[in-house]
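Q:
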Amino acid sequence: MTSNAVKLAPSILAADFARLGDQVAEAERAGADRIHVDVMDGHFVPNLSMGPPIINSLRRVTHLPLEAHLMISNPDVFVDEFAQAGTDSFLVHWEGNNDLSRTVQSIKALGKRVGVAIDPATCATALEEIMQDLDQVLVMTVNPGFGHQHFLHTTLPKIRRARQMIDRIKPGCSLEVDGGVDVTTAPLAVAAGADVLVAGSAIFNEGENVIAAMERLRASIRL
Numbered sequence: 103m104t105s106n107a108v109k110l111a112p113s114i115l116a117a118d119f120a121r122l123g124d125q126v127a128e129a130e131r132a133g134a135d136r137i138h139v140d141v142m143d144g145h146f147v148p149n150l151s152m153g154p155p156i157i158n159s160l161r162r163v164t165h166l167p168l169e170a171h172l173m174i175s176n177p178d179v180f181v182d183e184f185a186q187a188g189t190d191s192f193l194v195h196w197e198g199n200n201d202l203s204r205t206v207q208s209i210k211a212l213g214k215r216v217g218v219a220i221d222p223a224t225c226a227t228a229l230e231e232i233m234q235d236l237d238q239v240l241v242m243t244v245n246p247g248f249g250h251q252h253f254l255h256t257t258l259p260k261i262r263r264a265r266q267m268i269d270r271i272k273p274g275c276s277l278e279v280d281g282g283v284d285v286t287t288a289p290l291a292v293a294a295g296a297d298v299l300v301a302g303s304a305i306f307n308e309g310e311n312v313i314a315a316m317e318r319l320r321a322s323i324r325l
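Structure follows, in structure tokens:
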């Protein structure tokens with residue numbers, strides 16, 4: 103995997119919400135490939151975060167694809183609203199989904215990209231039956247629900263297994279990692295097979311320019 107093939111998806115969960123539009127614009131100028139929006143409902147994960155109004159606001163300030171990571175119970179109820187707000191792609195969780203195939207197909211029917219996320223305790227093989235229908239897979243490298251967590255190195259073998267499955271079943275599928283990605287852990291994730299890196303505090307880091315932070319992260323994965 104070359105560094106040019108690796109995409110960066112800044113997670114706005116770590117952004118300064120008083121300057122959200124400006125920081126997203128800075129990330130776009132720095133070469134971000136998409137904007138990652140963490141959506142939490144306080145049920146699936148023990149935290150609350152952004153909804154469709156944030157997507158709608160961001161849609162007016164960036165041309166980048168907006169990726170909604172739905173860490174919520176029963177995502178089917180909310181997909182249409184997020185799509186109408188301007189979401190380009192969806193990530194839904196394997197865990198706790200009532201009918202994953204139905205959810206995936208309903209997103210595809212809207213003409214949106216769709217991916218499935220798995221938590222650290224979920225085996226990569228859980229994705230095997232659904233992978234043919236996916237545009238991307240997300241391996242969580244922290245337990246979902248909060249930002250500023252440390253990368254779980256025990257997830258590296260799972261990233262490698264997911265890459266092997268993708269290459270065998272759906273070679274065009276992206277492999278994304280999310281959680282604790284920084285200049286130290288990003289090269290490890292890429293070496294394991296990831297081609298999309300979600301990074302929050304490593305990019306939206308208090309006291310550091312977003313563009314400089316993006317360049318540092320990209321430099322860490324140059325081969």
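Using this note's numbering, the first residue of the sequence shown is number 103, and each one after it goes up by one. In this text, a Cβ means the ideal position worked out from N, Cα and C, and glycines have one as well.
For GLU310 and PRO148, what's the separation of their Cα atoms in angstroms?
A: If you number the sequence shown from 1, residue 310 lands on position 208. If you number the sequence shown from 1, residue 148 lands on position 46. For GLU310 and PRO148, the distance between alpha carbons rounds to 29 angstroms.
Q: Quick test of your reading: LEU168 and ILE157, contact by CB under 8 angstroms. State the CB separation rounded to the nearest angstrom.
A: As a first step, residue 168 must be located in the sequence shown, where it is residue number 66. As a first step, residue 157 must be located in the sequence shown, where it is residue number 55. Confirmed, Cβ separation roughly 6 angstroms.
Q: Since ALA294 contacts ARG265 with CB under 8 angstroms, what's their CB separation in whole angstroms?
A: On the sequence shown, residue 294 is found 192 positions in, with the first residue counted as 1. On the sequence shown, residue 265 is found 163 positions in, with the first residue counted as 1. So it is a contact: roughly 7 angstroms between Cβ atoms.
Q: Pull up the CB-CB distance for ALA127 and ILE137, whole angstroms please, since I reckon it's below 8 angstroms.
A: The residue labelled residue 127 in the question sits at position 25 within the sequence shown. The residue labelled residue 137 in the question sits at position 35 within the sequence shown. Rounded, the Cβ-Cβ distance is 10 angstroms, inconsistent with contact.
Q: Please report the distance separating the alpha-carbon of ARG131 from that of MET267.
A: Locating residue 131 in the sequence shown gives position 29, where the first residue counts as 1. Locating residue 267 in the sequence shown gives position 165, where the first residue counts as 1. About 34 angstroms.
Q: Going along the chain, which residues of its own chain have a beta-carbon closer than 7 angstroms to the beta-carbon of LEU160, five neighbours each way excluded?
A: The residue labelled residue 160 in the question sits at position 58 within the sequence shown. Cβ neighbours of LEU160 beyond the five flanking positions: VAL126, ILE137, LEU168.
Q: Is it the case that the Cβ atoms of ALA107 and ASP297 are separated by a distance below 8 angstroms?
A: In the sequence shown, the residue the question calls residue 107 occupies position 5. In the sequence shown, the residue the question calls residue 297 occupies position 195. Closer than 8 angstroms, so yes.
Q: Under DSSP, the alpha helix (DSSP H) around ASP280 begins and ends at which residues?
A: For this step, residue 280 is matched to residue 178 along the sequence shown. Segment 276-280 is the beta strand (DSSP E) holding ASP280; no alpha helix (DSSP H) there.
Q: Which of the three DSSP states, helix, strand or coil, is assigned to ALA134?
A: For the purposes of this step, residue 134 is taken as the residue at position 32 of the sequence shown. The answer is coil: DSSP assigns ALA134 none of H, G, I, E or B.
Q: Tell me which same chain residues have a C-beta within less than 8 angstroms of the C-beta of ASP327, skipping the five on either side of it?
A: This structure gives no information on residue 327, because the portion of the chain shown stretches from 103 to 325.
Q: Looking at the unbroken beta strand (DSSP E) that takes in ILE157, where does it start and where does it end?
A: One-based indexing of the sequence shown puts residue 157 at position 55. That residue, ILE157, is in no beta strand (DSSP E); its alpha helix (DSSP H) goes 154-161.
Q: Just checking my contact of VAL141 with ILE114 at CB under 8 angstroms: how many whole Å lie between their CB atoms?
A: Numbered from 1 along the sequence shown, position 39 holds the residue referred to as residue 141. Numbered from 1 along the sequence shown, position 12 holds the residue referred to as residue 114. Not really, about 11 angstroms apart at Cβ, beyond 8 angstroms.
Q: Leaving aside the five residues before and after LEU212 along the sequence, list all residues of the same chain whose C-beta is less than 8 angstroms from its C-beta, in chain order.
A: Taking the sequence shown and counting its residues from 1, the one referred to as residue 212 is at position 110. VAL181, ASP182, ALA185.
Q: Starting from the Cα of HIS250, find the closest Cα among PHE306, THR256, LYS272 and give me that residue.
A: Counting from 1 along the sequence shown, the entry for residue 250 is found at position 148. The alpha carbon of HIS250 has as its nearest neighbour, out of PHE306, THR256, LYS272, the alpha carbon of PHE306.
Q: Express the C-alpha separation of GLU317 and VAL279 in angstroms, rounding to a whole number.
A: By one-based count along the sequence shown, residue 279 stands at place 177. By one-based count along the sequence shown, residue 317 stands at place 215. Spanning the two alpha carbons is a distance of roughly 19 angstroms.
Q: In the structure shown, what three-state DSSP assignment does GLY302 receive?
A: Translated into positions along the sequence shown, residue 302 becomes position 200. Residue state, collapsed to three classes: coil.
Q: So does ASN200 have its beta carbon nearer than 7 angstroms to some heavy atom of the ligand COA?
A: With respect to the ligand COA, the structure offers nothing, as it holds no ligand at all.
Q: Let me know the secondary structure DSSP gives ILE261 once reduced to three states.
A: Your numbering for residue 261 matches position 159 in the sequence shown. Note: ILE261 maps to helix in three-state DSSP.
Q: DSSP has LYS109 in a bridge; who is on the other side?
A: What you label residue 109 is simply residue 7 of the sequence shown in a count that begins at 1. BP columns for LYS109 point to VAL298.
Q: Out of MET173, ALA111, HIS165, GLY217, point me to the one whose CA is closest to ALA134's CA.
A: One-based indexing of the sequence shown puts residue 134 at position 32. Nearest of MET173, ALA111, HIS165, GLY217 to ALA134, Cα basis: ALA111.
Q: Using three-state DSSP, classify LEU254 as helix, strand or coil.
A: Position 152 of the sequence shown, counted from the first residue, corresponds to residue 254. Residue state, collapsed to three classes: coil.
Q: Does SER191 come out as helix, strand or coil in the three-state DSSP assignment?
A: Taking the first residue of the sequence shown as position 1, residue 191 is located at position 89. Three-state result, SER191: strand.
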